[in-house]
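Numbering (the working numbering), first residue to last: 73 to 417. Ideal Cβ positions, reconstructed from N, Cα and C, are used throughout, including at glycine. Quantities reported herein were computed from a predicted structural model and do not represent experimental measurements. For reference, the structure discussed in these notes is given below.
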């Protein structure tokens with residue numbers, strides 16, 4: 073379907089991709105694996121027209137093409153789905169599906185009912201129940217990803233690039249996504265799946281390409297590469313060469329929660345966490361895991377119960393108080409709630 077020949081890319085004189093040769097075929101799910109900074113996402117963005125290569129060329133169906141923008145990529149049947157879905161949050165799902173993809177000039181009449189009906193058909197085809205009249209800003213990350221996949225189908229994309237799509241999803245949402253990705257493959261589309269999670273690659277992908285330090289170091293059938301070999305190719309040496317298992321000493325109680333609750337959200341939560349431990353919170357979507365974490369950090373404080381830190385009662389009424397007590401919070405939606413995107417690192 074599409075082939076890269078000698079693709080290289082530099083930013084401010086720093087070469088981040090060197091001589092990438094890779095062919096992607098329809099009817100398969102192709103994983104791109106590598107450490108952070110290996111060049112996976114940069115390569116995908118070149119295919120999607122976000123970046124232009126510094127050297128090399130792309131061939132689509134055997135013919136050289138220049139992909140100068142995401143719009144040009146879309147016209148060629150290529151769509152990139154980002155880890156953090158990109159949309160116009162104040163516009164409806166239907167508007168987001170078709171914006172920029174309709175023929176006509178600036179004064180072409182919009183057929184709202186027809187657009188909504190087509191949007192519903194796309195959602196029905198994907199097997200997801202999303203109100204197409206609802207603004208996308210109010211959707212979960214998982215549903216926003218479904219909207220982006222539906223947009224790719226609306227554009228009849230034959231190559232769909234997915235950049236770490238499972239990172240913000242729950243296990244159940246991942247299962248739903250995988251079922252849809254397999255269906256895209258079975259329809260003859262090419263899917264590029266960028267991930268760090270080997271178990272996902274095993275469950276989903278047909279072929280694997282491994283990047284290391286801006287170079288392609290291997291391409292093979294997923295079934296032909298053991299996990300240990302994939303890790304060795306990713307980092308350049310066997311994992312056991314520099315990682316050692318060590319048992320952490322379990323220390324004093326660091327955090328104690330008793331009878332914690334918030335009206336309408338969660339009730340009677342209690343646990344003890346000691347130094348050197350990792351405590352997991354598991355549950356279905358809506359079970360209250362995130363609400364408990366937000367309460368502990370003072371974002372939406374609990375209205376009953378007790379929190380003790382190092383044996384002392386702690387009244388956590390806001391994030392400033394939580395930070396002062398030594399707590400940190402990594403939110404589910406890091407782009408919206410974790411950073412100021414307009415500020416430098």
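When beta bridges are read from the DSSP output, residue 234 appears opposite 153, 265. Residue environment: residue 353 is assigned as exposed (fewer than 16 neighbouring CB atoms within 10 Å of its CB, all protein chains considered).
The Cβ atoms of residue 207 and residue 153 lie no closer than 8 Å to each other. Judged by DSSP in its simplified three-state form, residue 113 adopts helix. Within the same chain, and ignoring the five residues on either side of residue 287 in sequence, the residues whose Cβ sits closer than 6 Å to its Cβ are 90. Ranked by how close their Cα comes to the Cα of residue 86, the residues 78, 101, 77, 111 have 111 in first place. Counting the other CB atoms within 10 Å of its CB gives residue 181 a total below 16, which places it among the exposed residues.
Contact between the stretch 263 to 272 and the stretch 100 to 110 is present, with at least three C-beta pairs closer than 8 Å. Between the alpha carbons of residue 146 and residue 248 lies a gap of roughly 25 Å. Nearest C-alpha to residue 168 among 130, 219, 358, 291: 219. Only exposed fits residue 136, as fewer than 16 other CB atoms lie within 10 angstroms of its CB. Taking all protein chains shown into account, residue 149 has 16 or more neighbouring C-beta atoms within 10 Å of its C-beta and is therefore buried. If you look at residue 228, you'll find it isn't in any alpha helix (DSSP H); DSSP assigns it neither H nor E. Listed in chain order, the beta strand (DSSP E) elements of length 3 or more contained wholly in the stretch 277 to 355 are 279 to 284, 287 to 293, 325 to 334, 338 to 346. The Cβ-Cβ distance between residue 393 and residue 367 does not fall below 8 Å. One alpha carbon belongs to residue 404, the other to residue 363, and they sit about 11 Å apart. Secondary structure of residue 139 (DSSP, three-state): coil. A residue is called buried once 16 or more other Cβ atoms fall within 10 Å of its Cβ, and residue 189, having fewer, is exposed. Straight through space, the alpha carbons of residue 204 and residue 408 are spaced by roughly 22 Å. Here residue 349 is exposed. Its C-beta has fewer than 16 other C-beta atoms within 10 Å.
Rounded to the nearest whole angstrom, the CA to CA distance from residue 270 to residue 358 is 27 Å. Membership of residue 88 in the beta strand (DSSP E) is indicated by the continuous run 86 to 96. Between the alpha carbons of residue 301 and residue 322 lies a gap of roughly 34 Å. Distances from the CA of residue 117 to each of 400, 260, 151 were compared; the closest alpha carbon is that of 151.
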